[in-house]
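To start, the structure under review is shown below, and the notes come after it.
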Amino acid sequence: MRRPIVVANWKMYTRASDAYILATTIKNSIANIEGIEVIICPPSLWLSEISDLLKKDGKVNVGAQNMFYEPDGPYTGEISPMMIRDVAKYVIVGHSERRFYFHESDLDVNEKVLAAVKFGLSPIVCVGEKTKSASIRDAVDQLEEALQHVPKNSYKDIIVAYEPVWAIGTEHTASLEHSVKAITMLREIIGRDSSILYGGSVNDKEIEKFAGSLAIDGVLVGSASLRAGVFIEICKKWAEAKSFKGDVTI
Ligand code: PGA
887 MRRPIVVANW KMYTRASDAY ILATTIKNSI ANIEGIEVII CPPSLWLSEI SDLLKKDGKV
947 NVGAQNMFYE PDGPYTGEIS PMMIRDVAKY VIVGHSERRF YFHESDLDVN EKVLAAVKFG
1007 LSPIVCVGEK TKSASIRDAV DQLEEALQHV PKNSYKDIIV AYEPVWAIGT EHTASLEHSV
1067 KAITMLREII GRDSSILYGG SVNDKEIEKF AGSLAIDGVL VGSASLRAGV FIEICKKWAE
1127 AKSFKGDVTI
């Protein structure tokens, strides 16, 4: 279902105690923020504990950062959709760092989306062109590949994150114009019922420019999500901007 969403991707950061403190601070601080869904994706080692911690008031959800597509089997070091669904509802799939460092192909991403949907998880599917000079069409192609053989009636459970790779971890977001253009093209593929997020150097300073756009349902926040104060500010501003818009139709 299409709705305002703010996702925290902690990547391979946080020791056990950092994760606990960060999650507790976020949980307490957003208790009074209405109108957005917040999803925290910690390292998988902490997933179960953070899930227990956040479950207590039900306002913040958790997601895994990755998974293998088989339900179980002799795959040392991997985690499966069956394991994730015991503790989390969401899973990030196809993040550019997985594609780059771990050579995940569009086919792998497609298998993961199919498995997530099959086992009742909501995948957060990341797509984005690699360089500033590359065509947005690359991101559209990635989404088309990711959705191969996925039943259309599952699209409403899928979240798309448009993350131009050249904007990730740079302290400079893509322009609003560029992002809206890409997201509008992605919307044509995924349809009207899915949320589409922007990701790539999202911070508390530039958040209003994205939040004011009816085309963008949410944000996927990397490094800024590791600073509780900054992340909470992002959540507040997103909720504030979206609360005046009512149902989005663009
Ligand atoms: P960033 O990361 O916000 O640090 O750019 C975003 C992401 O990689 O998902």
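Numbering (the numbering used here), first residue to last: 887 to 1136. Cβ atoms here follow ideal geometry from the backbone N, Cα and C, with glycine treated the same way. It should be emphasised that the depicted structure is a prediction, and the values quoted were computed from it without experimental measurement.
| query | result |
| --- | --- |
| For the candidate residues 920, 918 and 935, whose alpha-carbon lies nearest to that of residue 926? | 935 |
| Take the Cβ of residue 1085 as the centre, count every other Cβ of all protein chains shown within 10 Å, and call the residue buried at 16 or more, exposed below. | buried |
| If residue 1076 and residue 1120 are in contact, beta carbons under 8 angstroms, what's the gap, nearest whole angstrom? | So it is not a contact: roughly 24 angstroms between Cβ atoms. |
| Assign residue 1001 to buried or exposed, taking buried as 16 or more other Cβ atoms, counted over all protein chains shown, within 10 Å of its Cβ. | buried |
| Using the C-alpha atoms, what's the distance from residue 1066 back to residue 973? | 34 angstroms |
| With distance defined between alpha-carbon atoms, name the residue in 984, 1003, 945 and 982 nearest to residue 971. | 1003 |
| Give the DSSP-derived three-state secondary structure of residue 967 in the structure shown. | helix |
| On a CA-only basis, which of 929, 1102 and 982 is nearest residue 903? Give me that one, please. | 929 |
| Are the stretch 892-902 and the stretch 1101-1121 touching, with three or more C-beta to C-beta distances below 8 angstroms? | yes |
| Can you tell me which of the three DSSP states residue 1115 falls into? | helix |
| Go ahead and label residue 1117 buried or exposed: buried means 16 or more other beta carbons lie within 10 angstroms of its beta carbon, across all protein chains shown. | buried |
| Please report the residue range of the beta strand (DSSP E) in which residue 1008 lies. | 1008-1013 |
| Quick check on the burial criterion: 16 or more other C-beta atoms within 10 angstroms. Buried or exposed for residue 981? | buried |
| With three or more C-beta pairs closer than 8 angstroms as the rule, is the stretch 1030-1040 touching the stretch 978-993? | yes |
| Tell me which same chain residues have a C-beta within less than 6 angstroms of the C-beta of residue 1024, skipping the five on either side of it? | 1015 |
| Secondary structure at residue 1083, three-state DSSP: helix, strand or coil? | strand |
| State the Cα-Cα distance for the pair residue 932 and residue 948, rounded to the nearest angstrom. | 10 angstroms |
| Thinking C-alpha only, which one of 1009, 1097, 986 and 1041 is nearest residue 1017? | 986 |
| Please name the residue in 988, 1127, 1129 and 1105 whose C-alpha comes closest to that of residue 924. | 1105 |
| Run the CB neighbour count on residue 961, radius 10 Å, all protein chains shown included, and call it buried at 16 or more, exposed below. | exposed |
| Tell me which same chain residues have a C-beta within less than 6 angstroms of the C-beta of residue 1129, skipping the five on either side of it? | 921 |
| Could you tell me if the beta carbon of residue 1100 falls within a distance shorter than 7 angstroms of some heavy atom in ligand 1? | no |
| Thinking C-beta only, is residue 1041 closer than 8 angstroms to residue 1079? | yes |
| When every heavy atom of ligand 3 is checked, does at least one fall within less than 7 angstroms of the C-beta of residue 895? | Only ligand 1 can be found as ligands here, which leaves ligand 3 out of the picture. |
| At what residues does the alpha helix (DSSP H) containing residue 976 begin and finish? | It is not in any alpha helix (DSSP H) - residue 976 instead sits in the beta strand (DSSP E) that spans 976-979. |
| How is the beta strand (DSSP E) around residue 839 delimited, first residue to last? | Residue coverage of the chain in this structure runs from 887 to 1136, which leaves residue 839 outside it and unanswerable. |
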